[in-house]
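**Q** Have a look at this one before I ask anything.
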Amino acid sequence: MTAVQMQINTELFGALQAISGDEALMKKAVRALKRIAAQKQTSNVMPIAELEEIVRQGDKEIAAGNVHPIAIDDLWK
Numbered sequence: 001m002t003a004v005q006m007q008i009n010t011e012l013f014g015a016l017q018a019i020s021g022d023e024a025l026m027k028k029a030v031r032a033l034k035r036i037a038a039q040k041q042t043s044n045v046m047p048i049a050e051l052e053e054i055v056r057q058g059d060k061e062i063a064a065g066n067v068h069p070i071a072i073d074d075l076w077k
């Protein structure tokens, strides 16, 4: 964890501690954090149509013989 992340973590937990006595504010904070977390989760998801197009393109390349074998060890370099 970087120094900046540690500072942000400290600020986050400090803010949570400040509102921990108020149930309504805690519920509001949880809802906001869930929305933010959902955005993070969906931002890395590729649309199914795009994935299907990648597979189709790969099938075409394989059928055309445009395949260059790669050793498994070379994938980790």
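Residue numbering for the sequence shown is 1 to 77, as defined by the working numbering.
Just so you know, even glycine gets a beta-carbon here, dropped at the ideal spot from N, CA and C.
If you're wondering where the values come from, they're calculated on a predicted model, not measured in any experiment.
Under three-state DSSP, which class holds asparagine 9?
**A** Reduced to three states, the DSSP call for asparagine 9 is helix.
**Q** For isoleucine 70, does the three-state DSSP call read helix, strand or coil?
**A** Three-state result, isoleucine 70: coil.
**Q** Please state whether the Cβ-Cβ distance between alanine 32 and leucine 16 is less than 9 Å.
**A** No, the pair does not count as a contact, with Cβ atoms beyond the cut-off.
**Q** Would you kindly work out how many angstroms separate the C-alpha atoms of isoleucine 72 and asparagine 9, rounded to a whole number?
**A** Distance between the alpha carbons of isoleucine 72 and asparagine 9 is about 39 Å.
**Q** Residues in its own chain within less than 8 Å of glutamate 61 by CB, not counting five upstream and five downstream?
**A** Around glutamate 61: Val67.
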